[in-house]
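Report on the structure given below.
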Amino acid sequence: LHVRSRRQRQMCIRDRYTSDSVEYIGGIFKIVQVTGSGVYPELNHEVVLHSTGKTISGKLVESTAHRNEAFSYIIGQKDQVIEGFDLAVRHMRKGERSKVIVPSHLAYGSKGSTTGIVKPFETLIFEIEILDILESSKD
């Protein structure tokens, strides 16, 4: 998919899905596949999830399913996940499963990943399922 402007890319994605299932949040697209319930995670909450990340061309970046182990991280702590991933998770509830399209400026940007798997300016697509949201003992 080679489209020049950001607006054109947004329109192409919106045309592929119904308007009810697509959310545009701060630069990412979130396509809800299964609706969750309960509260959204807040700063310092631990989120337990499954995810699979691929490049726009389909190259596998990471997958908890391949490891058969859930991943967890603390909302708001630096250097745990890329910005676009965190943004998506902050807008998901327990039980929700969504496909998330993260443009390069909210992923690895002009440098790409340190492993070289994600090239510079590469868009990523994640499938994320929220298994649990745990409140911090600091709250």
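The numbering used here puts the first residue of the sequence shown at 63, with every later residue one more than the last. C-beta: ideal position from N, C-alpha, C; glycine also.
Using a Cβ distance threshold of 9 Å, residue 116 and residue 186 count as a contacting pair. Excluding its 5 nearest sequence neighbours in each direction, residue 87 has C-beta neighbours in its own chain below 8 Å: 149, 150, 153, listed in chain order. Looking at the backbone, the Cα of residue 166 and that of residue 123 are separated by about 14 Å. Listed in chain order, the non-local C-beta contacts of residue 163 below 6 Å within the same chain comprise 91, 187, local neighbours out to five positions each way being set aside. At the C-beta level, residue 159 and residue 190 come within 9 Å of one another. Counting only residues of its own chain and dropping the five nearest sequence neighbours on each side, residue 183 has a CB closer than 7 Å to the CB of 166, 172.
If you draw a straight line from the Cα of residue 155 to the Cα of residue 161, it comes to about 14 Å. In this structure, DSSP gives residue 112 an extended state, which the three-state scheme calls strand. Residue nearest to residue 98 within the set 126, 177, 193 is 193 (criterion: CA-CA distance).
By the beta-carbon neighbour count (other beta carbons within 10 angstroms, threshold 16), residue 119 is exposed.
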